[in-house]
Every structure is written in C-alpha cells, then in structure tokens.
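Residue numbers (our numbering): 137 to 403.
As structure tokens, then:
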C-alpha cells in the first residue's frame, strides 16, 4: 500500500513550525500532478455518469472515514450550487450520518452494510455508485460496489493506491496515486486532498453536462443567504443589462438566476 509507506520525512517532532508547514506544503504540491495523470479515467467515468443521469439516474457516493465524509460534503453541496433535488446526489458513509462527526468502530469492516444503506433509495440501473477509499481495501466499499454492480448499476471509484480491491470491484476506477503521506499513513492529508479534487471534478463536470450552468455562472443556485442573493442580482444585471431593483424583482418572482434571465421581457 503506497499510501502507508513510510514518510519521506522523519523526526517530525523535532521540526520547527516553519519546517513542518513548509514540508507539508511541499508534499501537497504533488497532488494536482497525480490527479492530472488520472484525467483519462475521470473522463471515462464522468461520460458514463452523464449518460445515465440523462435517463433519470442518480449519483451515490459510499465511503468510510475521511473518504466517506468527503463524499457527503460533495453530495450536500450539489443542491445549493446547482439547484438539483437533494436526493439526486447522495452521500453515504459507514456508520451512518452520526459517523460524520464521530468515528463508529468497525463500521467500515461490514461488507454487507453499504448495499443496505443504498437500498432505501430504491436503486435502479440508471444510478451510479462511486466508492471512495484512499487505501482501496475498505470492505464497506468493496461489498457495496460488488452488490451494486450485480444489480446492474454503474460503478466507479476514487482510490489512491494502484491495483486495489476497490478498483477491481468498479467498472470505471479512478486511481490517483499520491504516494506516502507526510505523516505516515495519515490519508486525510494528500489522499484526502486528491479525493476532494476528483469529486469536485466529477460533480461539477456532470452538472455542467446536464445543463446546470450557463456560461460560467451558477444560474440554478439556491438563494439561501444574503451573499448568494447579492451574487444572483449581479449575475442578472450583467446578463440582461437591468438595474439592481429590476434584477431583485425578477429573482423574487422567478426564484433563481435562470428563471430571471429566461423570463425577462424588456419594456
């Protein structure tokens, strides 16, 4: 397991704060290059996801620990960012929602639980399950992918070790080999960063392909706070050349930037 190989650094407790931060940053700089090498795999997975979601499919992340939490984060940010239903992108993690804040002992070792967690969502062959596991050997993820695949769902994964059991269980694996961590085995660091980058790429590219972005703007975003309401008004003003007062009135009437732009009728 490359992610568990010994750190390139030793005697960390003897380093100054400056040296600790500098060396962590030095390791972090290698992550985008590792992600870049995986772009062909990411592209293949995204293409398959889009095809299914156009036919009513959903995207389901499964993972444990840091990997599971990253999936939950990405899923939870899709509705406010892209205006999609809350159950279109689903994040599930070993141990349930309680494990988001507090680790649940041995939850990741149950190979049957992931499919039990997916079952209430009434999965169909148009759905996609992506297993997230830095090590690539998490039983919760392996079992979930195997059962999802047997049920006809599309399966993908994001792992940080080559040739893993998780990658073998997925039809469209994404392997981002990030190497040893600064703190040996602490995959919340480089591996976690890599997984976050890849999940950003997957969900954003999928939503753009599904028409949830116009130009470079989040025209379907939910206007849930003052900051976003202000951003939305500026988008409308820029796009159709109206005053702030008119833009705000349009947003109130139609609920989002897309509706305001598409329904605007000049006097």
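All residues carry an ideal CB built from backbone N, CA and C; glycine is no exception.
Assign residue i to one of three DSSP states: helix, strand, or coil.
{"i": "residue 308", "result": "strand"}
{"i": "residue 276", "result": "helix"}
{"i": "residue 293", "result": "strand"}
{"i": "residue 220", "result": "coil"}
{"i": "residue 201", "result": "helix"}
{"i": "residue 207", "result": "helix"}
{"i": "residue 302", "result": "helix"}
{"i": "residue 333", "result": "helix"}
Please work out which residues of its chain come closer than 7 Å, Cβ to Cβ, to residue i, disregarding the five sequence neighbours upstream and downstream, and give them in chain order.
{"i": "residue 137", "result": "271, 297"}
{"i": "residue 175", "result": "none"}
Using alpha carbons as the reference points, say which of the options lies closest to residue i.
{"i": "residue 394", "options": "352, 363, 403, 379", "result": "352"}
{"i": "residue 185", "options": "361, 349, 335", "result": "335"}
{"i": "residue 190", "options": "397, 160, 387, 344", "result": "344"}
{"i": "residue 195", "options": "346, 373, 249", "result": "346"}
{"i": "residue 240", "options": "212, 202, 367, 255", "result": "202"}
{"i": "residue 286", "options": "273, 259, 299, 294", "result": "259"}
{"i": "residue 254", "options": "205, 365, 316, 277", "result": "277"}
{"i": "residue 378", "options": "402, 366, 359, 364", "result": "402"}
{"i": "residue 170", "options": "275, 333, 263", "result": "333"}
When you compare only the Cα positions, how much space is there between residue i and residue j?
{"i": "residue 390", "j": "residue 399", "result": "8 Å"}
{"i": "residue 355", "j": "residue 371", "result": "8 Å"}
{"i": "residue 216", "j": "residue 357", "result": "5 Å"}
{"i": "residue 130", "j": "residue 153", "result": "The question about residue 130 has no answer here: the residues shown for the chain are numbered 137 through 403."}
{"i": "residue 150", "j": "residue 266", "result": "40 Å"}
{"i": "residue 374", "j": "residue 218", "result": "20 Å"}
{"i": "residue 302", "j": "residue 223", "result": "25 Å"}
{"i": "residue 257", "j": "residue 349", "result": "27 Å"}
{"i": "residue 289", "j": "residue 228", "result": "16 Å"}
{"i": "residue 396", "j": "residue 368", "result": "10 Å"}
{"i": "residue 306", "j": "residue 155", "result": "40 Å"}
{"i": "residue 361", "j": "residue 159", "result": "38 Å"}
{"i": "residue 193", "j": "residue 339", "result": "14 Å"}
{"i": "residue 187", "j": "residue 197", "result": "17 Å"}
For residue i, which residues in the same chain have their Cβ closer than 8 Å to its Cβ, ignoring the five residues on either side in sequence?
{"i": "residue 180", "result": "308"}
{"i": "residue 221", "result": "215"}
Tell me whether residue i is buried or exposed, calling it buried when 16 or more other Cβ atoms sit within 10 Å of its Cβ.
{"i": "residue 342", "result": "buried"}
{"i": "residue 282", "result": "buried"}
{"i": "residue 245", "result": "exposed"}
Apart from the five residues just before and just after residue i, which ones in its own chain have a Cβ nearer than 6 Å to its Cβ?
{"i": "residue 284", "result": "265, 291"}
{"i": "residue 327", "result": "139, 270, 296, 314"}
{"i": "residue 384", "result": "369"}
{"i": "residue 320", "result": "142, 143"}
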